[in-house]
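Residue numbers (our numbering), protein chains in the order written: chain A, 111 to 225; chain B, 12 to 123. Note that the Cβ used here is the ideal one computed from N, Cα and C, for glycine as well. The structure displayed is predicted, hence computed values, not measured ones. Contents: one structure, followed by commentary.
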Amino acid sequence: DGGITQSPKYLFRKEGQNVTLSCEQNLNHDAMYWYRQDPGQGLRLIYYSQIVNDFQKGDIAEGYSVSREKKESFPLTVTSAQKNPTAFYLCASSTLLGGGYNEQFFGPGTRLTVL
Amino acid sequence: AQSVTQPDIHITVSEGASLELRCNYSYGATPYLFWYVQSPGQGLQLLLKYFSGDTLVQGIKGFEAEFKRSQSSFNLRKPSVHWSDAAEYFCAAVGNTGKLIFGQGTTLQVKP
């Protein structure tokens with residue numbers, strides 16, 4: 111089945127440690143996205159990538175880093191510089207076909223808790 | 012700044028009753044509009060979308076939404092709610108940056 115996988119589902123880390131969240135897709139999508147979800151705030155865009163080896167900051171990129179070495183993979187690192195990292199993180203992907211907007215498909219999410 | 016507003020944080024309806032979730036957007040042109048549903052601890056599933064054309068759009072699971080340009084609204088409706096509809100619902104729009112802008116979400120509780 112085609113889809114987006116995120117691992118792990120739950121992640122616990124101590125304050126001050128960097129942590130990397132995995133996102134893999136087998137939909138052959140060019141674009142991938144990372145969102146952060148907090149209660150009562152909806153989803154906010156962290157980073158996105160439209161092509162391998164290239165990515166752009168979203169609205170809340172501070173304290174996060176990404177890489178896009180393969181089309182299928184877009185890992186997110188939450189660094190110790192992120193002041194409030196505890197949140198639910200969602201990965202998404204979409205095609206870039208045509209000139210208009212393309213639907214984003216979402217993974218199941220990773221809940222990160224920093225102790 | 013462009014924004015999407017869901018005025019109701021939490022809504023409770025009885026099973027079998029009708030449902031309407033409100034969504035307003037601020038954007039000069041007609042945006043692309045979406046409704047997503049999220050079960051607890053899960054990702055988002057697209058219910059329906061509006062790009063152009065007929066302002067009443069049908070989605071999955073018996074949901075529909077109506078785009079009203081004069082009110083800058085895109086309200087989600089369902090004639091008869093089922094207990095399995097209990098979830099969080101997000102309205103979203105594509106702004107002029109090409110990125111998705113999400114509302115704050117509405118949590119739906121269904122009473123038996």
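CB-CB length for residue i against residue j, believed under 8 angstroms
i	j	result
C201 (chain A)	Q116 (chain A)	5 angstroms
Q53 (chain B)	P218 (chain A)	6 angstroms
S175 (chain A)	T189 (chain A)	6 angstroms
Y38 (chain B)	G106 (chain B)	6 angstroms
Environment of residue i [buried if 16+ CB atoms lie within 10 Å]
i	result
L58 (chain B)	buried
R146 (chain A)	buried
K167 (chain A)	exposed
P99 (chain B)	As written in the sequence, residue 99 (chain B) is Glu, which differs from the Pro given in the question. Flag for E99 (chain B) reads buried.
Q49 (chain B)	buried
F216 (chain A)	buried
Y61 (chain B)	buried
K89 (chain B)	buried
L87 (chain B)	buried
Under the three-state DSSP convention, the category residue i falls into
i	result
K72 (chain B)	helix
D65 (chain B)	coil
Q10 (chain B)	The shown model of chain B, from 12 to 123, leaves out residue 10 (chain B), and the question about it has no answer.
S50 (chain B)	coil
S29 (chain B)	coil
D96 (chain B)	helix
F216 (chain A)	strand
A171 (chain A)	coil
I20 (chain B)	coil
V162 (chain A)	coil
C34 (chain B)	coil
R88 (chain B)	strand
K60 (chain B)	strand
A104 (chain B)	strand
Pair every Cβ in the stretch 73 to 93 of chain B with every Cβ in the stretch 169 to 186 of chain A, then say whether three or more of these pairs are closer than 8 angstroms. By the criterion of at least three beta-carbon pairs nearer than 8 angstroms, the stretch 73 to 93 of chain B is not in contact with the stretch 169 to 186 of chain A.
Pairing CB atoms from the stretch 131 to 138 of chain A with CB atoms from the stretch 147 to 156 of chain A, are three or more of them under 8 angstroms? no
Taking contact to mean at least 3 C-beta pairs separated by less than 8 angstroms, is the stretch 16 to 26 of chain B in contact with the stretch 113 to 122 of chain B? yes
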